[in-house]
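Data block below; observations after.
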Amino acid sequence: MKVLIFEQWHGGHYLNYLNALVPELARLSGTLVIAVGEELRGSPAALGKWSAHGNVEFARTLPHVSPRLAAADRYAAVRNLVACLRDVRPDFTILPSADAQAIGAAALDVVGIDVRKRFGPIEGTLHYGYGDAAVTRKERLKELLYSHTYRRLPFSSVNFVNFAYYEYALAAGFIHPDRLRFVGDPVPQPRRIGREAARKLLGLDPAGRYLGLLGSLDRRKAIPQLLAAFRAAALPREDRLLLAGRLDPIFAALIEDEYADLVRSGRLVVFDRFLSDAELENGYEALDLATVVYNRFPGLASLALKAVAAGTPVIAHDFGWLRAAITRFEIGERIDIFDTPAFAAALRTTLDRGQMDRSSEAVRRLLLFHTEANFVAQMTQGLRRAAGFPPGSMLEWDWVLEALPEERRTLR
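The sequence shown begins at 1 in the working numbering and counts up by one.
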């Protein structure tokens, strides 16, 4: 069986998904064809590791598409997919991140082009959707577009990584239950090294308390609100805010213009660079509080799961997946990031409370559900069935929910 795995972009969860899936897909396939974009084709280390499986081939490099996803970019993304399907003619296709292609693929279905009949089963994994979290007019319009798109997706299986949206879609019924699945985002859970070693790994002063955010510091993150709340919190001098990861230029300029005094005093520590795998995997152990703050972002925040795996409590805006995760699993505090005094007060009280309780059975199951092994087992079930392999062993979401008190299982 010829299997195609198609990934337009490089970095972040895109590369995490590929690294997790390629070994098992190669084992289950006669031939595994990997289609990736220009940036990843320039990474010989990743390509060499995948080529070592022996039955791996590479499709023609996917032309560049901007990840900002204007209408023209979405059209280009689905055009790249269709061109690749025509070239490869796979028996089975997996799109670990299908959000960019979703609208275009649904449009093809609307005009009568059934890609399933032309190119065989296609599985797509999706991250976006507001569900019942939509409040503003703009959010409701976006959700209307998402739900109509997902209704017409010509995929054999539609996977969501956001449990809140999966449950919403299941209840709303706009995707047939037989095609709808929830898969866990794969969160590295390395051996814990302890707070002192984690701070040494990052090159931090081991003394005092740290709150902060590690990872991509893009415009979805509420960095301006976090900086304002940190200043207003008037924490002791030995408490520091850490921002580690590639910083959006707008945020870098804001720090230079308005928070240079905090940088000079050592109260604000900024590492404006890409973090190593080890720094990302163990960095959240260095923190006393993970400030995983987004601007009304409804989707899954894998950075919060990294913090939970490290035993570090999370503070986040009271919205979307983060709201539901904190409410159900009691992994931190929900705040209104736009209320600076309340945000500042929450920083003080949550820091003083200390480490979260990782002994909770519900948290233990949540982390097991989101392991790389479980993600791979979930993502390969359709291929196993199509190729005649017995079903693999995997943990289901209902098993996680069973560890919660009944009244918390459906909280949003």
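Think of the CB as a built atom: it goes at the ideal place given N, C-alpha and C, for glycine as much as any other residue.
From a predicted model like this one, the values you see are computed outputs, not experimental measurements.
Where in the stretch 246-327 do unbroken runs of the alpha helix (DSSP H), each at least 4 residues long, occur, reported from the N-terminal end onward? 249-258, 260-265, 277-282, 302-309
Can you find the residues in the same chain that come closer than 8 Å, C-beta to C-beta, to E281, ignoring five residues on each side of it along the sequence? Position 281 of the sequence shown, counted from the start, is the residue given in the question as residue 281. These residues qualify, in order along the chain: P188, P190, K306.
Just the C-alpha distance for D398 and I255, rounded to the nearest angstrom, thanks. Reading the sequence shown from its first residue, position 398 is the one you call residue 398. Reading the sequence shown from its first residue, position 255 is the one you call residue 255. Cα to Cα, the separation comes out at about 44 Å.
Mark A172 as exposed unless 16 or more other C-beta atoms lie within 10 angstroms of its C-beta, in which case mark it buried. Here the question's residue 172 lines up with position 172 in the sequence shown. Around the beta carbon of A172, a 10 Å sphere encloses fewer than 16 other beta carbons of the protein chains shown; the residue is thus reported as exposed.
Reduced DSSP secondary structure (H/G/I, E/B, other) of F338: Translated into positions along the sequence shown, residue 338 becomes position 338. Residue state, collapsed to three classes: coil.
Cβ pair count under 8 Å reaching 3, the stretch 5-16 against the stretch 95-104: yes
So, helix, strand or coil for N159, using DSSP? As a first step, residue 159 is located in the sequence shown; it is residue number 159 there, counting from the start. Looking at N159 - three-state DSSP - the assignment turns out to be strand.
Cβ of A234 less than 7 Å from any chain D Cβ? No chain D appears in this structure, which consists of one protein chain only.
Does the distance from the C-beta atom of L289 to that of T340 stay below 7 Å? Here residue 289 is taken as the residue at index 289 of the sequence shown, counted from 1. Here residue 340 is taken as the residue at index 340 of the sequence shown, counted from 1. Taking 7 Å as the Cβ cut-off, L289 and T340 do not qualify as a contacting pair.
Would you mind giving the Cβ-Cβ distance between R348 and L411, rounded to the nearest angstrom? I have them listed as a contact below 8 Å. The residue given as residue 348 occupies position 348 in the sequence shown. The residue given as residue 411 occupies position 411 in the sequence shown. Not a contact, Cβ separation roughly 26 Å.
Drop a sphere of 10 angstroms on the beta-carbon of H148, count the other beta-carbons inside from all chains shown, and report buried for 16 or more, exposed for fewer. The residue you call residue 148 lines up with position 148 of the sequence shown. Looking at its Cβ environment, which holds fewer than 16 other Cβ atoms inside 10 Å, H148 is exposed.
Determine the direct distance from the alpha carbon of L226 to that of H10, and round the result to whole angstroms. Mapped onto the sequence shown, residue 10 falls at position 10. Mapped onto the sequence shown, residue 226 falls at position 226. Computed Cα separation, rounded: 28 Å.
Quick check: Y128 and E143, are their CB atoms within less than 7 Å of each other? In the sequence shown, the residue the question calls residue 128 occupies position 128. In the sequence shown, the residue the question calls residue 143 occupies position 143. No, Cβ-Cβ distance for Y128 and E143 is not below 7 Å.
On the DSSP bridge assignment, give the partners of I113 in chain order. Taking the sequence shown and counting its residues from 1, the one referred to as residue 113 is at position 113. For I113, which the question treats as bridged, DSSP gives no partner whatsoever.
Inter-stretch contact at 8 Å, needing at least 3 Cβ pairs: the stretch 56-70 / the stretch 80-92: Under the three-pair Cβ rule at 8 Å, the stretch 56-70 counts as touching the stretch 80-92.
Inspect the CB distances between the stretch 324-338 and the stretch 308-316 and report whether three or more fall short of 8 Å. yes
What is the DSSP secondary structure of R384, reduced to helix, strand or coil? Sequence index remark: in the sequence shown, residue 384 carries index 384 (1-based). Helix, per DSSP.
Please say whether L201 and T291 have beta carbons closer to each other than 7 Å? In the sequence shown, the residue the question calls residue 291 occupies position 291. In the sequence shown, the residue the question calls residue 201 occupies position 201. Not a contact, by the Cβ cut-off of 7 Å.
Is the beta carbon of L28 less than 7 Å from the beta carbon of A387? Here the question's residue 28 lines up with position 28 in the sequence shown. Here the question's residue 387 lines up with position 387 in the sequence shown. One thing to note: L28 has its Cβ within 7 Å of the Cβ of A387.
Quick check: what's the CA-CA separation for E238 versus G203? Locating residue 238 in the sequence shown gives position 238, counting from the first residue. Locating residue 203 in the sequence shown gives position 203, counting from the first residue. The straight-line gap from Cα to Cα measures roughly 16 Å.
Look up R220 in the DSSP assignment and say whether it is helix, strand or coil. Stepping through the sequence shown from its first residue, residue 220 is reached at position 220. Coil, per DSSP.
Compare the Cα-Cα distances from I326 to each of F163, A253, R179 and report the closest residue. Sequence index remark: in the sequence shown, residue 326 carries index 326 (1-based). That would be F163, whose Cα lies nearest to the Cα of I326.
What first and last residue would you give for the alpha helix (DSSP H) that runs through T149? As a first step, residue 149 must be located in the sequence shown, where it is residue number 149. Looking at the DSSP string, the run of the alpha helix (DSSP H) that includes T149 is 137-151.
How is I175 classed by DSSP in three states: helix, strand or coil? What you label residue 175 is simply residue 175 of the sequence shown in a count that begins at 1. Looking at I175 - three-state DSSP - the assignment turns out to be coil, as it is neither helix nor strand.
Which term fits P177, buried or exposed, when burial requires 16 or more other beta carbons within 10 angstroms of its beta carbon? By one-based count along the sequence shown, residue 177 stands at place 177. Label assigned to P177: exposed.
Outcome for R413 when other beta-carbon atoms lying within 10 angstroms are tallied against a minimum of 16: This structure does not reach residue 413, given that the chain is present from 1 up to 412, and the question cannot be answered.
Below 7 Å CB to CB, which residues in the same chain sit around Y75 once its five sequence neighbours on both sides are set aside? Here residue 75 corresponds to residue number 75 of the sequence shown, with the count starting at 1. Around Y75: G104.
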